[in-house]
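K.L.:
Chains as they are written, first to last, in the numbering used here: chain Z, 1 to 161; chain V, 1 to 268.
1) Pull up the distance between the alpha-carbon of residue 85(V) and that of residue 249(V), whole angstroms please.
2) Are at least three pairs of beta-carbons, each pair with one atom in the segment 118-136 of chain Z and one in the segment 146-157 of chain Z, less than 8 angstroms apart?
3) Output, in chain order, the set of chain V residues within a Cβ distance shorter than 7 angstroms of residue 176(Z).
4) Is it true that the CB of residue 218(V) sits closer than 9 angstroms to the CB of residue 234(V)?
5) Would you give the residue range spanned by the beta strand (DSSP E) that residue 331(V) belongs to?
6) Taking Cβ-Cβ distances below 9 angstroms as the criterion, which residues of the segment 49-61 of chain Z are in contact with chain V?
7) Would a check of beta-carbon distances place residue 52(V) closer than 9 angstroms to chain Z?
8) Are the Cβ atoms of residue 53(Z) and residue 98(Z) separated by less than 9 angstroms?
9) Counting pairs of beta carbons, one from the segment 163-178 of chain V and one from the segment 197-217 of chain V, are three or more of them closer than 8 angstroms?
10) Roughly how far, in whole angstroms, is the beta-carbon of residue 263(V) from the beta-carbon of residue 237(V), given that I think they are within contact range, below 8 angstroms?
11) Examine the Cβ distances between the segment 82-91 of chain Z and the segment 135-144 of chain Z and report whether three or more of them are shorter than 8 angstroms.
12) I believe residue 175(V) touches residue 194(V) by the beta-carbon criterion, under 8 angstroms. Please report the beta-carbon distance rounded to the nearest angstrom.
13) Taking the alpha carbon of residue 181(V) as the point to measure from, which residue in 190(V), 192(V) and 158(V) has its own alpha carbon closest?
14) Does any residue of chain V have a CB that is nearer than 9 angstroms to the CB of residue 72(Z)?
15) Just to confirm my understanding: we take residue 116(Z), look at its own chain, exclude 5 residues before and 5 after, and list those with CB closer than 7 angstroms. What are they?
16) Could you please give the first and the last residue of the uninterrupted alpha helix (DSSP H) stretch that includes residue 146(Z)?
17) Counting only the same chain and skipping the five closest in sequence on each side, list residues whose C-beta sits under 6 angstroms from that of residue 33(Z).
18) Let me know the alpha helix (DSSP H) ranges lying completely inside the segment 43-102 of chain V, each 4 residues or longer, listed in chain order.
19) Take residue 29(Z) as the anchor and find which of 161(Z), 120(Z) and 137(Z) has the nearest alpha-carbon.
20) Select from 16(V), 228(V) and 115(V) the residue whose C-alpha is nearest the C-alpha of residue 188(V).
21) What do you get for residue 20(Z), buried or exposed, if any count of 16 or more other CB atoms within 10 angstroms of its CB means buried?
22) So, under 8 angstroms CB-CB, residue 33(V) and residue 70(Z) are touching, yes? Tell me the CB distance rounded to an integer number of Å.
23) Does DSSP classify residue 182(V) as helix, strand or coil?
24) Using a Cβ-Cβ cut-off of less than 9 angstroms, give me the residues of the segment 11-39 of chain V that come near chain Z, in sequence order.
25) Can you tell me which of 246(V), 124(V), 245(V) and 183(V) puts its alpha carbon nearest to the alpha carbon of residue 220(V)?
26) What first and last residue would you give for the alpha helix (DSSP H) that runs through residue 113(Z)?
27) Would residue 85(Z) pass as an interface residue toward chain V - the criterion being a Cβ-Cβ separation below 9 angstroms?
28) Would you tell me roughly how many angstroms separate the C-alpha atoms of residue 224(V) and residue 230(V), rounded to the nearest one?
29) Check the DSSP bridge columns for residue 155(V) and list the partner residues they point to.
30) Would you say the beta carbon of residue 160(V) is closer than 8 angstroms to some non-hydrogen atom of the ligand PLP?
31) List the residues of chain Z whose Cβ lies closer than 7 angstroms to the Cβ of residue 3(V), in chain order.
32) Below 8 angstroms on C-beta distance, what does residue 8(V) contact in chain Z?
33) Three or more beta-carbon pairs under 8 angstroms between the segment 7-24 of chain V and the segment 93-112 of chain Z, yes or no?
34) Determine which residues share a DSSP beta bridge with residue 118(V) and list them.
35) Going by C-alpha distance, which of 2(V), 113(V), 67(V) and 243(V) is nearest residue 137(V)?
36) Can you tell me whether residue 18(V) is helix, strand or coil according to DSSP?
This is the structure in structure tokens:
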């Protein structure tokens, strides 16, 4: 129970950072997605079932806090949690989190997330699907993966002690 | 693993439901695209014949065909009836008599004394010996009545006799039926001018039938040696086999004339 509350609290804090601080480091309108990194972390720690549930909860929470396009983050982050769950390996979470594999997993899941998110977000607008996926989506994916280096180093250093 | 997929499906459905509550440009475009896609898929799938649907369609069409066929038959029947009734109406306008229309509800054609049963009776003013006609000519006379029905003696009846005349030459004769398809016109002397094709009509001498009603057309004339009269075969004008509607002349006959003629006959 406490663990769930802890996850909920951390999710809330990350959402606040995502909405309040991340725009400050925006590069040409491209923002890294901390929530995706957080969901990948949950997937590696808890498995596919938990990451799918938390993906939905975090996405829904984000949708209601931002108040724009309700359901879109819930959809994309549920899918992210589900696919991230495939990389779960029992007793190897710390090792994966502190290695380049974490970055690769973030890259893959972030690309899936951004593909879903930006295809829906730009549907019916002047931005084409190709541009949505391979320009905005891919740029966001790489930016997110770059930010994911920070927790990777953190867990790498942690594993040394 | 099944649980994870189920969970994913539930959350995706929940997310799409929430997305559907948005009313922005993107969701409107997705709705429009989805409707188009569903229409395309349905249109594509409609090419594949659905056996059950075809069977149901076939049954419906068969039922429709039966109903339409029945309706066509009823319309044909109504058309024939309409033609007959129009012709009869024309006769009614021409005839100076009081006519009561009747439908034939019973008929015999192969006996020695053939009759027709009419759906009108005493309540309609029908009495014995009243003549029966149709738009073509003479049909017969009433021989029995009840409250709502009456029996008519037709020309194909051994008891039928009528005073007639040949329309062209006004020669009198007596017409009767002795079996077969034709009537027999008797009392025509060999010296009289009678030709095949002459029209035979009722005479004013008849006590039952009004004058000038067509009875038939002469079909053949036979002269036998040693006999004074010609044998004249007459084809009735009325086609009794297809007869369905008739008129009964319900006018009261000239009783004064009949009464006077009766007195003279008694004296003789």
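We put the CB at the ideal spot given by N, CA and C, even for glycine. Note that the structure is a prediction, hence the values are computed from the model and not measured.
P.N.:
Per the coordinate set shown:
1) By one-based count along the second chain, residue 85(V) stands at place 85. By one-based count along the second chain, residue 249(V) stands at place 249. Going by the C-alpha atoms only, they are around 16 angstroms apart.
2) no
3) For residue 176(Z) there is no data in the structure shown, the boundaries of chain Z being 1 and 161.
4) For the purposes of this step, residue 234(V) is taken as the residue at position 234 of the second chain. For the purposes of this step, residue 218(V) is taken as the residue at position 218 of the second chain. It is a contact, given that the beta carbons lie within the stated cut-off.
5) Because chain V here runs from 1 to 268, residue 331(V) falls outside it and cannot be looked at.
6) So the close ones are 49, 52, 53, 55, 56, 59 and 60.
7) Against the second chain, residue 52(V) aligns to sequence position 52. Answer no: the Cβ-Cβ gap between residue 52(V) and chain Z never drops below 9 angstroms.
8) The residue labelled residue 53(Z) in the question sits at position 53 within the first chain. The residue labelled residue 98(Z) in the question sits at position 98 within the first chain. Not in contact: residue 53(Z) and residue 98(Z) (Cβ atoms no closer than 9 angstroms).
9) yes
10) The count along the second chain starts at 1 and reaches residue 263(V) at position 263. The count along the second chain starts at 1 and reaches residue 237(V) at position 237. About 35 angstroms; that fails the 8 angstroms criterion.
11) no
12) Reading the second chain from its first residue, position 175 is the one you call residue 175(V). Reading the second chain from its first residue, position 194 is the one you call residue 194(V). Actually they do not touch by this definition, with Cβ atoms about 13 angstroms apart.
13) On the second chain, position 181 is the one that residue 181(V) refers to. Ranking 190(V), 192(V) and 158(V) by Cα distance to residue 181(V) puts 158(V) first.
14) Residue numbering aside, residue 72(Z) sits at position 72 when the first chain is read from its first letter. Output row for residue 72(Z): interface = yes.
15) On the first chain, residue 116(Z) is found 116 positions in, with the first residue counted as 1. 75, 76 and 79.
16) Locating residue 146(Z) in the first chain gives position 146, where the first residue counts as 1. For residue 146(Z), the uninterrupted alpha helix (DSSP H) segment begins and ends at 138-147.
17) Looking up residue 33(Z) in the first chain gives position 33. Cβ neighbours of residue 33(Z) beyond the five flanking positions: 144.
18) 51-94
19) The residue given as residue 29(Z) occupies position 29 in the first chain. Considering only alpha carbons, the answer is 137(Z).
20) Against the second chain, residue 188(V) aligns to sequence position 188. The candidate whose alpha carbon is nearest that of residue 188(V) is 228(V).
21) Position 20 of the first chain, counted from the start, is the residue given in the question as residue 20(Z). Answer is exposed; the Cβ neighbour count stays below 16.
22) Mapped onto the second chain, residue 33(V) falls at position 33. Mapped onto the first chain, residue 70(Z) falls at position 70. The pair is not a contact, with the Cβ atoms about 20 angstroms apart (cut-off 8 angstroms).
23) One-based indexing of the second chain puts residue 182(V) at position 182. In the structure shown, residue 182(V) sits in coil (DSSP, three-state: anything other than H, G, I, E or B).
24) 11, 12, 14, 15, 16, 17, 18, 19, 20, 21, 22, 24, 25, 26, 27, 28, 29, 30, 32 and 33
25) In the second chain, the residue the question calls residue 220(V) occupies position 220. That would be 183(V), whose Cα lies nearest to the Cα of residue 220(V).
26) One-based indexing of the first chain puts residue 113(Z) at position 113. Its alpha helix (DSSP H) spans residues 100-122.
27) On the first chain, position 85 is the one that residue 85(Z) refers to. Yes, contact with chain V.
28) Numbered from 1 along the second chain, position 224 holds the residue referred to as residue 224(V). Numbered from 1 along the second chain, position 230 holds the residue referred to as residue 230(V). Their Cα atoms are separated by approximately 7 angstroms.
29) The residue given as residue 155(V) occupies position 155 in the second chain. In the DSSP output, where bridge partners are listed per residue, residue 155(V) has none listed.
30) As presented, the structure is devoid of all ligands, the ligand PLP included, so that no description of it is given.
31) Numbered from 1 along the second chain, position 3 holds the residue referred to as residue 3(V). 49, listed in chain order.
32) Position 8 of the second chain, counting from 1, holds the residue named residue 8(V). Correct list: 52, 78, 79 and 82.
33) no
34) Numbered from its first residue, the second chain carries residue 118(V) at position 118. Per DSSP, 104(V) and 150(V).
35) On the second chain, residue 137(V) is found 137 positions in, with the first residue counted as 1. Selected option, being the one with the closest Cα: 243(V).
36) Sequence index remark: in the second chain, residue 18(V) carries index 18 (1-based). Helix.
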